[in-house]
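Below you'll find the structure, written out as structure tokens, and then a few comments.
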Ligand code: SF4
């Protein structure tokens, strides 16, 4: 982490809490499944919109230089991008990384390659919404539950840090208790379980799902995609096949100082902590 005393305006704003410390990247937009609430309408046939490894590494390096503290990688399903395990390991040389995945591609070959992440500053955040296969798979995909509960202990055994993300409109206490018992049994403690609401963007809109979130409800986390830089990882969503641009900050993404300073101008004057309780993590 950059010493705040030597940081520029972005690093100082991060150190003061005016600007969130995490920089997100959308690695891609395509996915092997089609969840009902997907923010990006991802699926096997959508345009890939890959950011590319060179740009991702440049964002990681420049984020560290500017004084950001963490990286997030999302998609699409990021492990459809060739070389992703090695890319995450390299990014983690610059800053800690949380990488979102549906965990349905972890067959033997990918599990062998994922070992490069063991002991590194990388957490794989895996979606698991319900403690029962039918209810979970109804929102996500056939066999999703079975694949996820097989993948998690396989990753934990290999020394890869795993977090669980539960995305739901609501969940009863008894069902949540069973879900927490399940993730503990799979080797993931309560401290690595996050529960988040469905946001009404992307495919969730057509399904009548989720809560409406305005710009000030969303974290001002700088988010880099192949199409530009956005306010929050909830910004570069897709609806009706078209990229939403209501939260677009700049088309320029590199050097990272350009969108970072544009975002800083937008958040300046807001008190620390004013940026949101909703989060994608
Ligand atoms: S929510 Fe994630 S796993 Fe589901 S379709 Fe979208 S990108 Fe794929």
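Residue numbers (my numbering): 337 to 617.
All C-beta atoms in this analysis are idealised placements derived from N, C-alpha and C, irrespective of residue type, glycine included.
Just tell me which of the options has its CA closest to the CA of residue i.
i	options	result
residue 474	373, 485, 497, 351	373
residue 520	393, 485, 550, 506	485
residue 392	439, 603, 565	565
residue 570	371, 365, 357, 376	376
residue 555	567, 548, 401	567
residue 404	423, 370, 440, 351	351
residue 631	453, 516, 513, 559	With the chain represented from 337 up to 617, any question about residue 631 goes unanswered, as that position is not in the structure.
residue 428	448, 418, 397	397
residue 464	476, 456, 454, 453	476
residue 455	408, 491, 536	491
residue 410	402, 401, 384, 430	384
Assuming residue i is part of the alpha helix (DSSP H), what are its boundary residues?
i	result
residue 473	469–475
residue 521	509–521
residue 456	It is not in any alpha helix (DSSP H) - residue 456 carries neither H nor E in the DSSP assignment.
residue 542	539–542
residue 393	389–402
residue 450	444–450
residue 480	480–493
residue 597	593–603
residue 348	345–352
residue 424	420–427
Applying the criterion that 16 or more other CB atoms from any shown protein chain within 10 Å of the CB defines a buried residue, is residue i buried or exposed?
i	result
residue 483	buried
residue 493	exposed
residue 616	Bear in mind that a pLDDT of 48 at residue 616, under 50, signals an unreliable position, so the number given afterwards is only what the model happens to contain. The residue in question, residue 616, is buried, as its Cβ has 16 or more Cβ neighbours within 10 Å.
residue 552	exposed
residue 445	exposed
residue 620	Residue coverage of the chain in this structure runs from 337 to 617, which leaves residue 620 outside it and unanswerable.
residue 538	buried
residue 561	buried
residue 443	exposed
residue 505	exposed
residue 546	buried
residue 358	buried
residue 527	exposed
residue 581	exposed
residue 451	exposed
residue 497	buried
residue 601	exposed
residue 399	buried
residue 349	buried
residue 347	buried
Please find out if some non-hydrogen atom of the ligand SF4 comes closer than 8 Å to the beta-carbon of residue i.
i	result
residue 586	no
residue 370	yes
residue 438	yes
residue 508	no
residue 378	yes
residue 474	no
residue 505	no
residue 411	yes
residue 536	no
residue 375	yes
residue 367	yes
residue 463	yes
Based on the DSSP secondary-structure assignment, which residues constitute the bridge partners of residue i?
i	result
residue 533	504
residue 574	579
residue 462	437, 500
residue 565	560, 586
residue 365	Paired residue(s): none; residue 365 is not in a bridge.
residue 358	406
residue 547	535
For chain D, is any of its Cβ atoms less than 9 Å away from the one on residue i?
i	result
residue 455	Considering every chain present, this structure includes no chain D. It has just one protein chain.
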